[in-house]
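>
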Amino acid sequence: MNFVKNLLLYISAFVPMYVLVFVKLCVEIANQNISFNVLNTLNFVTLLLLILAGVGGLIWNVKFSTDKSVKIKIISKQNITDKHFLGYFSLFVFFAIPLDLSLVSAYCVYVLVLIMIGIVYINNSLYYINPLLNILGYKFYDIEYKEENNDEIKSAKIFFKGELSTDGEFFWANVKNQHFCFVDKKHKN
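In the working numbering, the protein residues as written are 935 to 1123.
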């Protein structure tokens, strides 16, 4: 189950790129630069499925996760969104714009590059590098925290929508995964 959640988080990281490629394909067909054929139809279907899987996976991870959350107090925080976002975002913009997916060779290269990036992304737990989350208002933080009724200071990487407070307020988080978790002010369970 964790592998599926992680794969869907990877797919969600590229949703903005899938949308760019989808729009490019629509414009090319509207301008009659390319026509509907098997490859272009496959591109449309694949892109729509990837967009739906990415958005669905992100919603599943953020809103409907059944993992048990604990109450935590943030001791210190460091917003590190900028350290990861621009390099990744520029990678997929660079990758999406010039690619001519009406050619079988370009389509094959596109798929292979996504698979290779996916292997690195999942094997190295790079889930926090997700431009879609940043576009949706989430920021990525390195934090030190204490669980309620426990004075042990721990650290984690978290996503939080908006600005994270360190003024003693309690938050709910599933911090089993030290590579990333989503933090909310409300208890979900």
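We put the beta carbon where it would ideally sit given N, CA and C, even for glycine.
Contact between the region 1002 to 1015 and the region 1073 to 1091 is defined here as three or more beta-carbon pairs at a separation below 8 Å; is this criterion met?
At 8 Å Cβ cutoff, the stretches touch.
> For A947, count neighbouring C-beta atoms within 10 Å of its own C-beta (all shown protein chains included) and say buried if the count is 16 or more, exposed if not.
Here residue 947 refers to the residue found at position 13 of the sequence shown. Burial call: buried.
> How would you call G1096, buried or exposed, if buried means at least 16 neighbouring beta carbons within 10 angstroms?
Taking the sequence shown and counting its residues from 1, the one referred to as residue 1096 is at position 162. Exposed, because fewer than 16 other Cβ atoms sit within 10 Å of the Cβ of G1096.
> Could you give the distance in angstroms between the alpha-carbon of H1121 and the alpha-carbon of S1059?
Locating residue 1121 in the sequence shown gives position 187, counting from the first residue. Locating residue 1059 in the sequence shown gives position 125, counting from the first residue. Bear in mind that the predicted position of H1121 carries a pLDDT of just 43, short of 50, making it too unreliable to give a figure here.
> When you compare the CB positions of V1043 and I985, do they come within less than 8 Å of one another, or not?
On the sequence shown, position 109 is the one that residue 1043 refers to. On the sequence shown, position 51 is the one that residue 985 refers to. The answer is no: Cβ separation not under 8 Å.
> Run the CB neighbour count on M951, radius 10 Å, all protein chains shown included, and call it buried at 16 or more, exposed below.
By one-based count along the sequence shown, residue 951 stands at place 17. Flag for M951 reads buried.
> Spatial neighbours of I945 within its chain, please: C-beta separation below 7 Å, excluding the five flanking residues on both sides.
As a first step, residue 945 must be located in the sequence shown, where it is residue number 11. Closer than 7 Å at Cβ, skipping near neighbours: L984, A987, G988, G991.
> Are there 16 or more other CB atoms within 10 angstroms of the CB of F970, so buried, or fewer, so exposed?
Taking the first residue of the sequence shown as 1, we reach residue 970 at position 36. Looking at its Cβ environment, which holds fewer than 16 other Cβ atoms inside 10 Å, F970 is exposed.
> Excluding the five sequence neighbours on either side, which residues of its own chain have a C-beta within less than 7 Å of the C-beta of Y1079, listed in chain order?
As a position in the sequence shown, residue 1079 is number 145, starting the count at 1. So the qualifying residues of the chain are I1006, K1007, I1008, I1009, K1088, A1090.
> Please return the same chain residues whose Cβ sits closer than 8 Å to the Cβ of W994, not counting the five positions on each side in sequence.
Counting from 1 along the sequence shown, the entry for residue 994 is found at position 60. Once the five neighbours on either side are set aside, the close Cβ partners of W994 are K939, L942.
> In the structure shown, what three-state DSSP assignment does F970 receive?
For the purposes of this step, residue 970 is identified with residue 36 of the sequence shown, where counting begins at 1. Looking at F970 - three-state DSSP - the assignment turns out to be coil, as it is neither helix nor strand.
> What residue range is occupied by the uninterrupted beta strand (DSSP E) comprising I1009?
Walking along the sequence shown from the start, residue 1009 turns up at place 75. Taken as a continuous stretch (DSSP letters only), the beta strand (DSSP E) holding I1009 covers 1004 to 1013.
> How big is the Cα-Cα spacing for C1115 and I1049?
Locating residue 1115 in the sequence shown gives position 181, where the first residue counts as 1. Locating residue 1049 in the sequence shown gives position 115, where the first residue counts as 1. About 24 Å.
> Where does N967 land, buried or exposed, given buried means 16+ other C-beta within 10 angstroms?
The residue you call residue 967 lines up with position 33 of the sequence shown. Exposed: under 16 other Cβ atoms inside 10 Å.
> Would L1067 and F1093 be called neighbours here (beta carbons separated by less than 8 Å)?
On the sequence shown, residue 1067 is found 133 positions in, with the first residue counted as 1. On the sequence shown, residue 1093 is found 159 positions in, with the first residue counted as 1. The answer is yes: Cβ separation under 8 Å.
> Measuring alpha carbon to alpha carbon, tell me which residue in K1017, I1051, Y1041, F998 is nearest V955.
For the purposes of this step, residue 955 is taken as residue 21 along the sequence shown, with counting starting at 1. Ranking the options by Cα distance to V955, first place goes to Y1041.
> Return the Cβ separation of S1003 and N1108 in integer angstroms, given the expectation that the two are a contact with Cβ distance under 8 Å.
For the purposes of this step, residue 1003 is taken as the residue at position 69 of the sequence shown. For the purposes of this step, residue 1108 is taken as the residue at position 174 of the sequence shown. Indeed, because the Cβ distance is near 5 Å, the residues count as touching under 8 Å.
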